[in-house]
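Chains A and B, in that order, give the protein sequences. So the first sequence is numbered by the numbering used here: it starts at 269 and just counts up by one. So the second sequence is numbered by the numbering used here: it starts at 227 and just counts up by one. Don't be surprised by glycine CBs; every beta carbon is placed ideally from N, CA and C. Source: prediction; values computed, not measured.
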Amino acid sequence: MKKILALLLALVMALALVACGGSNQNNTTPPANNTQNEEPANTENTENTEPAPTGAFKVGFITLHDENSTYDLNFINAAKAACEKLGVEYILKTNIPEGQECYETACDMADAGCKVVFADSFGHEDYMIQAAKEYKDVQFCHSTGTRAHTEGLDNYHNAFASIYEGRYLAGVAAGMKLKAMIDAGEFTADQAKIGYVGAFTYAEVVSGYTSFFLGVRSIVPEATMDVTFTGSWYDEAAEKEGANKLIQGGCKLISQHADSFGAPTACETAGVPDVSYNGSTKDVAPNTYIISSRINWEPYYEYVIKAVQAGEKMDPDWTGTIASGSVELTELNTDVAAPGTQEAIDAAKKALEAGTLHVFDTSKFTVDGKALDSYMADVDSDAAYEADTEVVADGYFHESEFRSAPYFDLTIDGITLLDTKF
Amino acid sequence: MNKKSLFYLAKRDALPWHKTWLIRGVAIVLALIFCSLITMLLTGLNPVQVFSTIFYGAFGTARKTWVTAQNLAILLGISLAITPAFKMRFWNIGAEGQVLIGCLACAACMITLEGKVSSGLMVVISLAASLLAGAVWGFLPAFFKANWETNETLFTLMMNYIATQLAAYFIIVWEVPKGSGKIGIINQSSEAGWLPVIGGQKYLLLILVVAVLTGLMFIYLQYSKHGYEIAVVGESHRTASYAGIKVNRVIIRTMVLSGAICGLVGFLLVSGTEHTLTTTLVGGRGFTAVMVSWLAKFNPIGMIFTSLLLVFLQRGATEISSVFGLNHSFADILTGIILFFIIGSDFFTNYEIHYQRSGKEGK
Chain A
269 MKKILALLLA
279 LVMALALVAC
289 GGSNQNNTTP
299 PANNTQNEEP
309 ANTENTENTE
319 PAPTGAFKVG
329 FITLHDENST
339 YDLNFINAAK
349 AACEKLGVEY
359 ILKTNIPEGQ
369 ECYETACDMA
379 DAGCKVVFAD
389 SFGHEDYMIQ
399 AAKEYKDVQF
409 CHSTGTRAHT
419 EGLDNYHNAF
429 ASIYEGRYLA
439 GVAAGMKLKA
449 MIDAGEFTAD
459 QAKIGYVGAF
469 TYAEVVSGYT
479 SFFLGVRSIV
489 PEATMDVTFT
499 GSWYDEAAEK
509 EGANKLIQGG
519 CKLISQHADS
529 FGAPTACETA
539 GVPDVSYNGS
549 TKDVAPNTYI
559 ISSRINWEPY
569 YEYVIKAVQA
579 GEKMDPDWTG
589 TIASGSVELT
599 ELNTDVAAPG
609 TQEAIDAAKK
619 ALEAGTLHVF
629 DTSKFTVDGK
639 ALDSYMADVD
649 SDAAYEADTE
659 VVADGYFHES
669 EFRSAPYFDL
679 TIDGITLLDT
689 KF
Chain B
227 MNKKSLFYLA
237 KRDALPWHKT
247 WLIRGVAIVL
257 ALIFCSLITM
267 LLTGLNPVQV
277 FSTIFYGAFG
287 TARKTWVTAQ
297 NLAILLGISL
307 AITPAFKMRF
317 WNIGAEGQVL
327 IGCLACAACM
337 ITLEGKVSSG
347 LMVVISLAAS
357 LLAGAVWGFL
367 PAFFKANWET
377 NETLFTLMMN
387 YIATQLAAYF
397 IIVWEVPKGS
407 GKIGIINQSS
417 EAGWLPVIGG
427 QKYLLLILVV
437 AVLTGLMFIY
447 LQYSKHGYEI
457 AVVGESHRTA
467 SYAGIKVNRV
477 IIRTMVLSGA
487 ICGLVGFLLV
497 SGTEHTLTTT
507 LVGGRGFTAV
517 MVSWLAKFNP
527 IGMIFTSLLL
537 VFLQRGATEI
547 SSVFGLNHSF
557 ADILTGIILF
567 FIIGSDFFTN
577 YEIHYQRSGK
587 EGK
C-alpha cells in the first residue's frame with residue numbers, strides 16, 4: 269500500500285513539474301501564447317466578471333454553432349468587425365443550443381455587464397424574451413425572430429434583412445449558368461431542373477428557395493425545382509446526402525439553405541454547379557461554386573450599438589436592405605459562372621433598387637395554376653397560425669415589409685417538395 | 227524456469243468509506259492534472275488558468291452556482307430513481323426514456339390544458355401524468371421480465387428509442403410556428419403549469435424536492451421491509467423465494483417505483499426548468515445516472531457527492547471550451563478523460579496489488 273502511494277505521489281509530482289514547466293514557457297514567450305490563442309481579447313472579456321466600469325461598453329453575442337457553420341461564421345465575422353470598428357468590448361459564446369442554456373447564457377452576459385445581447389438562431393427567441401423580461405435595462409436583439417413587434421417589451425428587438433432579394437440575384441447567376449449549359453447542348457430547356465437542400469419547411473426557408481427559383485426563372489422560364497429538407501440547421505451528413513439524392517434525381521444545379529459545407533462538397537465531388545448561402549464556399553468547391561448570397565449583419569450591429577450608446581430608442585423590428593448594405597452577394601467565381609453573369613446581376617439589382625422589379629411579382633408565378641391576387645399571411649406569430657395580414661397589393665407579394673422575418677410560405681407551381689416529413 | 231510475475235491482484239474486502247474516497251480523490255487530482263496537461267499541450271494555456279476556469283464555470287457567479295445545483299438535482303434525481311432497480315440487479319438502462327416520457331406527459335398536459343384549468347391544477351395534473359407515464363415505462367420491461375424472463379437490458383434500451391420517437395412525433399404536432407420543428411417555451415406569457423417560484427429562486431423548489439427524495443430513498447432502501455426484499459432479490463432469486471419473498475412482485479413493484487421517480491424528474495425538468503420539449507432534453511443523463519449510482523455503491527447519500535462531482539466537472543469542461551474559444555468537442559474530450567480516471571479508480575477500491583520480492587523467489 270505504501271509503495272502504491274509513493275508511486276502515485278511520484279507520478280503527481282512528475283506531472284506537476286511538467287505542468288509548471290509548461291506555464292513558465294508560456295510566461296516567457298507571451299507573443300507565442302497570443303498567436304496560439306485565436307481570440308485573446310475575447311478571453312480577457314469573458315474573465316472579467318465584474319460589471320463593466322462606466323467607460324467600457326460591452327456587448328454579448330450568442331451563436332448556435334461555431335465557426336464550422338457558415339451561418340454562424342457569418343454572424344461571428346460581423347460581430348467582430350462591428351465591435352472593432354466601434355471600439356467596444358464583446359463576449360462571444362458559441363455552441364449555445366436553442367434551450368434553457370440560451371436563457372442562462374443571456375443572463376450570464378447581462379450579469380457580466382453587457383448592455384446589449386445578440387442571439388443568432390431562430391429557436392433562441394423564446395429564451396431571449398425570457399431573459400429580456402428579467403433584465404429590463406439590457407437590450408436583447410434577436411436575429412430572424414418574429415415576436416418583437418407583438419410582445420410589447422421595450423428591450424426586445426428582432427432583425428432580419430430582405431435576403432429574398434439576394435437570393436433572387438443569386439438565382440439570376442444560377443439561371444445564366446443553366447442557360448449556358450442549355451446553349452452548349454448539355455441538356456434541353458425542358459430538362460432544366462435544379463435542386464435545393466432546405467432545413468425546415470418554415471417560411472424563412474420557403475421564402476428563400478422561392479425567390480431563388482424566381483431568379484432562375486427570370487433567365488430560364490422553363491426551369492423546375494426539387495426541394496429536399498433535412499430537419500436541421502446544421503447536419504453535414506444529411507445535407508450531403510440530400511444534395512446527392514437531388515443530383516441523382518437529375519438536378520443540373522444545386523443551391524441550399526442549411527449551414528454546413530455538406531451540399532457544396534457533394535456538388536464538387538459530382539461536378540455539379542452550386543450556388544451557396546451565407547458566404548463563399550469557393551475554398552471547398554473551387555470548380556463548382558458560382559456565387560453566394562448572404563446577410564451582412566454588421567450594419568445592424570453598428571446601428572444597435574450606436575443607438576444604445578446614445579441612449580436612443582431602437583426599432584423593435586429592423587429590416588436590412590440592399591441599400592443599407594445588409595444584403596450582399598459574395599465573390600462571383602468567374603471560372604464557373606457563365607459569361608455575362610455580372611452584367612445580368614447588376615441590371616436586376618438596379619431594377620430591384622429602383623422599385624421597377626419585384627421579386628414576388630404575382631404576374632411571374634402561379635399557385636395551383638392560378639394567379640395570386642390576395643393572401644393573408646401569419647405575420648403576428650401565435651400558436652394557432654392565424655392569418656392576420658393582407659400582403660398582396662399593387663401586383664406583388666410584400667415580403668419583409670410588415671415584419672422583418674419572412675412570411676412567404678406558399679408552394680408555387682414548378683417547385684416540387686420532397687421529404688417534407690423529416 | 228518458473229518465473230513469477232512482478233505483482234498479483236487480490237480482491238479487497240470492503241474498504242472503509244474514507245479510504246475509498248481517498249483513492250477517488252487521488253484519481254480526480256490525477257484526472258485534473260492530465261486534463262490541464264492535454265489542454266496545455268494542445269492550446270498552450272496556463273494550467274492554473276484552466277483550473278480556475280473549471281471552478282468558475284461551476285461556481286463563478288450566483289447564477290452559475292444555482293444552475294450547477296439545478297443540474298445536480300436533476301442528475302441526482304435520476305440516479306435515485308434507478309438505484310432500487312440496480313440494487314435488485316435489474317439492469318435498467320432505460321432511465322433516459324422513462325424521464326423523457328415523463329417530460330412528454332408533462333408537456334402534453336401543459337399544452338392541451340392551457341386556458342382550460344387553473345395553473346395550480348395544471349401542475350397537479352401534469353405531475354400525476356408524468357408519474358404515471360414513467361411508471362408505465364418502468365412496468366412494461368419488469369412485467370415481461372417477471373413473466374417471460376425477457377432480457378431487461380435490451381428491453382429498457384429499446385423503450386428509450388420508443389420514447390424518443392414519440393417525443394419527436396409530438397414536437398411536430400405541437401410545433402410553433404409551423405415547419406420550424408420546435409415547440410419553444412410552453413405558455414410563456416401565462417406561465418400556466420410552471421412550477422411555482424419560492425424564495426425568489428427559480429430552482430429552489432426543485433432542489434428541495436430532490437433533497438427530500440434523497441432522504442426518503444435512503445430510508446426506503448436502508449430501513450424498510452421493501453428495501454430489504456430488494457437487497458435479497460438482488461443477491462439471489464432462489465434465496466428470496468425460499469425466504470417467502472414473491473420475487474416477481476418485488477421486481478414489478480420496484481421497477482414501477484423506479485419509473486415513477488424518473489417520471490417525476492421529467493416533470494421537474496419540464497415544469498420546473500425548461501418549459502419545453504425536445505428529444506434531447508434529458509441529454510444522456512439517464513445513462514450518466516448509472517455511473518453516479520454505481521460509484522456511490524447504491525448509497526443515496528454517497529450519490530450526492532458523485533453527482534456533484536460529475537456535474538461540476540461537466541460544467542467546468544464546457545466553460546473551458548467556451549472561454550478559450552475551443553471547439554465544443556473539447557469539453558467532451560475533457561469529460562471523457564475525467565470519467566476514465568474516476569471509473570478506473572474503482573478498480574483500486576475493489577482490488578489491491580501485491581508486489582512480489584524477487585529475493586524470495588523459489589526455484
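- Taking C-beta separations shorter than 7 Å and ignoring five residues to either side along the sequence, the partners of G608(A) in its chain run M444, following chain order.
- By the 16-neighbour rule on beta-carbons within 10 angstroms, A515(B) is buried.
- Take F676(A), set aside five residues on each side of it, and the residues of its chain with a beta-carbon closer than 7 Å to its own are A471, V474, S475, T478, F628, F665, E667, in chain order.
- With a contact defined as Cβ atoms closer than 8 Å, A531(A) and E507(A) qualify at about 5 Å.
- Contact between T532(B) and A543(B) is ruled out by a C-beta separation of about 17 Å, above the 8 Å threshold.
- Going by DSSP, K404(A) is part of no beta strand (DSSP E) at all; its letter is neither H nor E.
- The criterion of a C-beta distance shorter than 7 Å is not satisfied by G562(B) and I304(B).
- Spatial neighbours of I530(B) in its own chain (CB-CB distance under 7 Å, excluding positions within 5 residues in sequence) are listed in chain order as L302, T440.
- Q610(A): not part of any beta strand (DSSP E); member of the alpha helix (DSSP H) spanning 609–622, first to last residue.
- Using a Cβ distance threshold of 7 Å, T465(B) and A311(B) do not count as a contacting pair.
- In this structure, DSSP gives Q448(B) a helical state, which the three-state scheme calls helix.
- Contact between A350(A) and S672(A) does not hold, since the beta-carbon distance rounds to 18 Å and is not under 8 Å.
- Cβ neighbours of A295(B) within its own chain (closer than 8 Å, five residues either side excluded): Y429, I433.
- Within the region 467–482 of chain A, contact with chain B at the beta-carbon level (separation under 9 Å) is assigned to A467, F468, T469, Y470, A471, E472, V473, V474.
- Inter-residue distance for E369(A) and R541(B) is about 12 Å (C-alpha atoms, whole angstroms).
- T504(B) reaches chain A at G367, counting residues in chain order whose Cβ is nearer than 7 Å.
- With a beta-carbon spacing of about 16 Å, A557(B) and I568(B) fall beyond the 8 Å limit used to define contacts.
- Closer than 7 Å to the CB of K361(A) there is at least one CB belonging to chain B.
- Under the three-state reduction of DSSP, M493(A) is assigned to strand.
- Only D334 from the region 333–353 of chain A bring a Cβ to less than 7 Å from some Cβ of chain B.
- Nearest to E419(A) by alpha-carbon distance, out of T390(B), Q414(B), W363(B), S406(B), is Q414(B).
- Each of N363(A), A429(A), E611(A) was checked against the Cα of A591(A), and the nearest Cα belongs to A429(A).
- When C-beta distances to chain A are compared with 7 Å, the residues of the region 401–430 of chain B below that value are V402, P403, K404, G405, S406, G407, K408, G410, I411, Q414, in chain order.
- Residues of the region 393–408 of chain A whose Cβ lies closer than 8 Å to any Cβ of chain B, in chain order: E393, D394, Y395, I397, Q398.
- One thing to note: T279(B) has its Cβ no nearer than 7 Å to the Cβ of V508(B).
- T412(A) and T587(A) have their alpha carbons spaced roughly 10 Å apart.
- Runs of the beta strand (DSSP E) lying entirely within the region 314–368 of chain A and spanning at least 3 residues, in chain order: 326–330, 357–361.
- When beta bridges are read from the DSSP output, K237(B) appears opposite Y577(B).
- The beta carbons of L490(B) and G360(B) sit about 7 Å from each other, so the pair counts as a contact at 8 Å.
- For the region 364–391 of chain A, the set of residues with a beta-carbon nearer than 7 Å to any beta-carbon of chain B comprises E366, G367, Q368, E372, C375, D376, D379, F390, G391, in chain order.
- Between the C-alpha atoms of T309(B) and V436(B) there is a straight-line separation of about 14 Å.
- In the DSSP assignment, V423(B) falls outside any beta strand (DSSP E) and carries neither an H nor an E.
- N601(A) is not a Cβ neighbour of Y545(A), given a cutoff of 7 Å.
- For Q427(B), there is no enclosing alpha helix (DSSP H), as DSSP marks it with neither H nor E.
- For K447(A), the CB contacts under 8 Å within the same chain, skipping 5 residues up- and downstream, are I487, V488, A606 in chain order.
- Boundaries of the beta strand (DSSP E) harbouring N426(A): 424–429, taken from the DSSP string.
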